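Asks: The structure that follows is given in the form of structure tokens.
Right under this line is the structure:
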């Protein structure tokens, strides 16, 4: 799912600028690339309960190469700060790490993780292509897709017969069902996503921009491309939403939880959120249990473009047991682990075949729609300067949503801020 990712991690951007584009090719590692032994897997807090299964299965099969799992906090800023501290110290104790999809380029450019090429090559033929793209930097695979995620449209089946596939259909379905800019009262408001000033806003803005054919940075990860007619058409869908009232003003404070709570209490007709919300909305006490469904996000003329979420796993450049670490990556992508991640933790699998598995689709009926979402997903800007880029998106998008500047002004300011963030690398 989307994580809160701030730009103000001390020293990150300046240090990264000095080494951007100089990724480790794995050929000059301090340690033997074929060494085996115990490893440590450093990952985010296990809120889904899947880590005990992973540790037990691996350790029983590899008694001489056991894995120790170190859980970090559930805050992305703290996770990144922890990685920065240990990698700058060239700590060999962090063998395998969980890499948010927006960190792959940064970690690769700084030489923190090794490319999965040569004798570290990983077979990606069974994986969702979008997840492989999120783990790739400068044409090389640097991480192993671990968990996928894509934005979905939640809609009230008791209020509309079918999901809208276009923005016009969405707003049209709301006519007569919204109140003027409020999510209180008898009638639900029309639509909300995540519009507070945090990483989730970058996600929502990117989805709108990408759906309209715009982009934020070029393929080089440096060139600012966001100031375009296409980007303007996309961002304007959100700006007009607040201006015209089909997005309630309260949504300016919505992160994932707040938007989910509003939908769960019956105050929204449509909502953009991640797949984990299905379990929450079907839970005890939900006012919309049995009254909602999910579909791919709409766009200007058809299905839109979800922002790809999820996490990857990388092998530390300073690990002493890289061969074992590679085998652990392959184990994580096995059917056994991916199936447990879904059934126990409701984590979206990275194996393509699971989305058409009869047993799984019977239990998780939203999998086909989630697959469509992921297949059309666009990664957040792949750049080693991501902190500055996402800050530019958040700041200017939020100002436009508040009505402090026009869509066009926001994009020009965003373009300038991105140029500044990526300059000198």
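Residue numbers (the numbering used here): 6 to 430.
For each residue, glycine too, the CB sits at the ideal point set by N, CA and C.
No experiment lies behind these values; they were computed from the predicted model shown.
Drop a sphere of 10 angstroms on the beta-carbon of residue 415, count the other beta-carbons inside from all chains shown, and report buried for 16 or more, exposed for fewer.
Replies: It is buried - the Cβ of residue 415 has at least 16 other Cβ atoms within 10 Å.
Asks: Tell me which residues share the same chain as residue 406 and place their Cβ nearer than 7 Å to its Cβ, disregarding the 5 neighbours each side in the sequence.
Replies: If we look at residue 406 and ignore the five residues flanking it on each side, its Cβ neighbours are 200, 243, 244, 247 and 257.
Asks: Quick one: residues in its chain with C-beta nearer than 6 Å to the C-beta of residue 366, no 5 flanking neighbours on either side, listed in chain order?
Replies: Excluding positions up to five away in sequence, the list reads 372.
Asks: Give me the residue from 61, 104 and 68 with the minimum Cα distance to residue 47.
Replies: Looking at the Cα atoms, 104 is the closest of the given residues.
Asks: Decide if the stretch 155-164 is in contact with the stretch 290-305; the criterion is three or more beta carbon pairs, one per stretch, under 8 Å apart.
Replies: Short answer: they touch.
Asks: For residue 44 versus residue 336, is the C-beta distance shorter than 8 Å?
Replies: Contact: no.
Asks: If I follow the unbroken alpha helix (DSSP H) through residue 294, where does it start and stop?
Replies: Segment: none, residue 294 is in no alpha helix (DSSP H) and carries neither H nor E.
Asks: Determine the DSSP secondary structure at residue 271, reduced to helix, strand or coil.
Replies: Three-state DSSP puts residue 271 in coil, outside helix and strand.
Asks: What runs of the alpha helix (DSSP H), each 4 residues or longer, lie entirely inside the stretch 352-379?
Replies: As far as the stretch 352-379 is concerned, its whole alpha helix (DSSP H) runs of at least 4 residues are 363-368.
Asks: Would you call the CB atoms of residue 112 and residue 315 closer than 8 Å?
Replies: No, Cβ-Cβ distance for residue 112 and residue 315 is not below 8 Å.
Asks: For residue 398, which of helix, strand or coil comes out of DSSP?
Replies: In the structure shown, residue 398 sits in a helix (DSSP, three-state: H, G or I).
Asks: To which residues of the same chain is residue 95 closer than 6 Å at the C-beta, ignoring the five residues directly before and after it?
Replies: So the qualifying residues of the chain are 323.
Asks: At which residues does the alpha helix (DSSP H) containing residue 234 begin and terminate?
Replies: Taken as a continuous stretch (DSSP letters only), the alpha helix (DSSP H) holding residue 234 covers 234-249.
Asks: In this structure, how does DSSP classify residue 43 when only helix, strand and coil are distinguished?
Replies: Here residue 43 sits in coil by DSSP.
Asks: Among the residues of its own chain, which have a CB less than 8 Å from the CB of residue 377, if the five just before and after it don't count?
Replies: Closer than 8 Å at the Cβ level, and outside the excluded window around residue 377, lie 301 and 308.
Asks: When you compare each of 142, 274, 391 and 254 to residue 120 by their alpha carbons, which one comes out closest?
Replies: Ranking 142, 274, 391 and 254 by Cα distance to residue 120 puts 142 first.
Asks: Going by DSSP in three states, residue 227 sits in which element: helix, strand or coil?
Replies: If DSSP states are grouped into helix, strand and coil, residue 227 belongs with coil.
Asks: Cutting at 8 Å between CB atoms, please list the residues of its own chain near residue 311, excluding the five before and the five after it.
Replies: Cβ neighbours of residue 311 beyond the five flanking positions: 155, 156, 157, 212, 301, 302, 378, 379, 381, 382 and 383.
Asks: What are the start and end residues of each continuous alpha helix (DSSP H) run of 4 or more residues lying completely inside the stretch 130-180, in chain order?
Replies: The stretch 130-180 contains these whole alpha helix (DSSP H) runs: 134-139 and 172-179.
Asks: Below 8 Å on the Cβ atoms is my guess for residue 277 versus residue 215; work out the distance and round it to an integer in Å.
Replies: Going by Cβ atoms, the distance from residue 277 to residue 215 rounds to 13 Å, so no, they are not a contact pair.
Asks: Under the three-state reduction of DSSP, which class applies to residue 303: helix, strand or coil?
Replies: If DSSP states are grouped into helix, strand and coil, residue 303 belongs with the strands.
Asks: With a threshold of 16 other CB atoms inside 10 Å of the CB of residue 272, please say whether the residue is buried or exposed.
Replies: So residue 272 counts as buried.
Asks: Run the CB neighbour count on residue 349, radius 10 Å, all protein chains shown included, and call it buried at 16 or more, exposed below.
Replies: Label assigned to residue 349: exposed.
Asks: Would you report the Cα separation of residue 50 and residue 76, rounded to the nearest angstrom?
Replies: When rounded, the distance between both Cα atoms is 5 Å.
Asks: What does residue 196 pair with, by DSSP beta-bridge criteria?
Replies: Note: residue 196 sits in a beta bridge opposite 275.
Asks: Rank 265, 304, 306 and 313 by C-alpha distance to the C-alpha of residue 292 and give the top, closest one.
Replies: Comparing Cα-Cα distances from residue 292 to each of 265, 304, 306 and 313, the minimum goes to 265.
Asks: Specify the secondary structure class of residue 25 as computed by DSSP and reduced to three states.
Replies: Confidence at residue 25 is low in this model, with a pLDDT of 39, below 50, so the placement of that residue should be treated as unreliable; the coordinate-derived value is given next. In this structure, residue 25 counts as coil in the three-state DSSP scheme.
Asks: CB-CB under 7 Å to residue 306, same chain, minus the five flanking residues each way: which ones, in chain order?
Replies: These residues qualify, in order along the chain: 171.
Asks: Can you name the residues that DSSP bridges to residue 320?
Replies: According to DSSP, which records beta bridges pairwise, residue 320 is partnered with 101.
Asks: Report the residue ranges of all alpha helix (DSSP H) runs contained in full by the stretch 57-125; include only those spanning at least 4 residues, in chain order.
Replies: The qualifying runs are 81-93 and 109-114.
Asks: Quick check on this structure: which residue in 83, 358 and 393 has the alpha carbon closest to the alpha carbon of residue 132?
Replies: It is 358.
Asks: Could you give the first and the last residue of the continuous alpha helix (DSSP H) run that contains residue 341?
Replies: Note, residue 341: alpha helix (DSSP H), 340-350.
Asks: Nearest-angstrom Cα distance between residue 61 and residue 178?
Replies: If you take the alpha carbons of residue 61 and residue 178, they lie about 50 Å apart.
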